[in-house]
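Counted the way mature numbering (1 follows the signal peptide of the UniProt record, and there is no 0) counts, the sequence shown spans residues -25 to -1, 1 to 500. Even for Gly, the Cβ is constructed at its ideal location relative to N, Cα and C. Worksheet: one structure, shown below.
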Amino acid sequence: MAMARSSSLVLVAFALLCCYTSSVASQGNSSDAFLSCLSASIPRQLVFTPSSPSFTPLLKSSIRNPKFFTPSTVRPLYIVTPTNASHVQAAVLCGRRSGLRIRVRSGGHDYEGLSYRSVRAEAFAVLDLSSLRSVRVDAQAATAWVDSGAQLGELYYAIGKASSVLGFPGGLCPTVGVGGHFSGGGFGMLLRKYGMAIDHVIDAVLVDAKGRLLNKNTMGSDVFWALRGGGGESFGVVLSWQVKLLPVPPKVTVFNVPVTASQGAADVVTRWQQIAPALPEDLIIRVVVQQKTANFQSLFLGTCDALLPVMSSRFPELRFNRSDCREMTWIQSVPYIYLGSASTVEDLLNRTTAESVFSSGYKATSDYVRRAIPRDAWASIFTKLAQPNAGLMILDPYGGQIAAVPESATPYPHRAGVLYNIQYMNFWSMASGDGAVQTRWIREFYAFMAPFVSSSPREAYFNYRDLDLGENVVVGNVSSFQAGMVWGQKYFKGNYQRLAMAKAQIDPDDYFRNEQSIPPFANSR
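This is how it looks when you write it as structure tokens:
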């Protein structure tokens, strides 16, 4: 998003700001005032009300967890689909003028759906960024500008088209929105080689609560720090990000090796805990544990010939051999690992949620492991995972570059000393129930894991958001800093207070808030 256009956009913001008022009207009056205000700056066809035939399909279009698409879900009064920065500025300032809060949706993958729904009854509008999804790659400079409404698959596709030897260390799922992913940290199969997505963000464009269009220099170092892993929706609307692209070899190797419980999966996973975080940085081996099987999934930045001696000397327990290797380019590996062997690079451009996916609700949460879990505990884990209605575990090994970055360098603090991250997930058919059984399994399994994972605080990953960890308490129309510590220290450890101080700088009135947004530090109640 070029800053050269900012002077004309500031005029739009100033015109709206002249009529800003801090008084909060009733819901009916505020909604009428919001629409009236928008009509001066945003084309009518970009604003959707519940009476519009397109409202429900648009709302549903990027809901990735259908348990938040029920008759009891608190839905937005309006959906605004901006096509440029001035529309975002207008929506923010009209929202403040009319007393209507805004929630921002880029890809819809928020695990608690907070980008498009509210836990408690409240009036709000959704700013859907799906029309702001440009990706501009400069292969010579090894940089890219990517809009928040773009999906990871679109970013990777554009990088692959521009260069066969550049990549980026983001997540695996191609339909995840860039805005939310970067805001919470972002990691994938390059995490050991290059760390987090946020470690390579070099600029950003933000619309703040005053409607100002800011970049890295004008927003200030504290706010720019906070955006990169502290939850961008707490500080404003991030329109676009500039990232540094990283070198990848012309050929990489992937593999997927399943090991069943009867083949000694508990023993192999126990050994994996010690090996995976200490492997060469070019090699990552993650594990998906489901029912009675552990699937070892890997990306190696090199050829099969180079990988074979590493595996035979460092991890012979896996019994890896040449037939397990699949060589391809990095961009080909992205859909292969997540979408399967039949997928193509063009599949990365598919933005839609398949109806089969939309039919399954899920519950998720996370942990970090700093000491290897004993073998007997793994035997119990496999037993629990084989129960009816059980979920799964995804284990991502750390070490390498993700651990080399200091805890305070970004809001994401889970660095040195972490052996691996755990994501717990459980799914159910929406046609067969509300997921109460599967949700209870997740909560009971999470309690069972307590002795084996980090503590004081029990760490969690913000992009695997879980409201079971705590929710904000609003005091005097501002979220309480003290109440937020309950969940904030789990996600951010010692960085939570600095995030709250950045929030106080950019949004002291707490306009941008949800059930787990960063509270302003000025409110220490």
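CB-CB length for residue 400 against residue 337, believed under 8 Å | Yes, residue 400 and residue 337 are in contact; Cβ-Cβ is about 6 Å, under 8 Å.
Take residue 38 as the anchor and find which of 272, 277, 474 and 327 has the nearest alpha-carbon.
-> 327
Please say whether residue 491 and residue 447 have beta carbons closer to each other than 8 Å?
-> yes
Measuring CA to CA, which of 100, 43, 10 and 460 is closest to residue 94?
-> 43
contact_flag[the segment 347 to 358, the segment 215 to 235] where n(CB pairs < 8 Å) is 3 or more = no
Between residue 260 and residue 219, which are expected to be in contact by the criterion C-beta below 8 Å, what is the C-beta distance as a whole number of angstroms?
-> Rounded, the Cβ-Cβ distance is 26 Å, inconsistent with contact.
Does the separation of the CB atoms of residue 124 and residue 154 fall below 8 Å?
-> yes
Where DSSP assigns a beta bridge to residue 293, which residues make up the other side?
-> As computed with DSSP, residue 293 is found in no beta bridge at all.
What is the rounded straight-line gap between the Cα of residue 316 and the Cα of residue 185?
-> 48 Å
Sequence-distant residues of the same chain with beta carbon closer than 7 Å to residue 345, five excluded per side = 392, 393, 394 and 429
Beta-carbon contacts of residue 34 that lie in its chain and below 8 Å, excluding the five residues immediately before and after = 44, 50, 51, 54, 91 and 101
Proximity winner among 131, 56, 57 and 29, relative to residue 320 (alpha-carbon distances) | 131
Residue 118 versus residue 112 - alpha carbon distance = 6 Å
Does DSSP put residue 393 in a helix, a strand or coil?
-> Residue 393: coil per DSSP, three-state reduction.
What residue from 293, 449, 397 and 438 has the CA that sits closest to residue 424's CA?
-> 397
Got a sec, what are the start and stop residues for the alpha helix (DSSP H) residue 496 sits in?
-> Where residue 496 is concerned, there is no enclosing alpha helix (DSSP H), given that its DSSP letter is neither H nor E.
Counterpart residues of residue 274 in DSSP-defined beta bridges = DSSP lists 229 and 259 as partners of residue 274.
Can you give me the Cβ contacts of residue 70 inside the same chain, cut-off strictly under 8 Å, excluding the 5 residues immediately before and after it?
-> Excluding sequence positions up to five before and after residue 70, its CB lies within less than 8 Å of the CB of 9, 76, 77, 100 and 486, all in the same chain and listed in chain order.
Do the segment 135 to 153 and the segment 23 to 31 touch if we need at least three Cβ pairs shorter than 8 Å?
-> no
Cβ-based burial, residue 406 [other Cβ within 10 Å; buried from 16] | exposed
Whole-Å CB distance - residue 159 paired with residue 128, under 8 Å assumed = Actually they are not in contact, since the Cβ atoms of residue 159 and residue 128 sit about 18 Å apart, beyond 8 Å.
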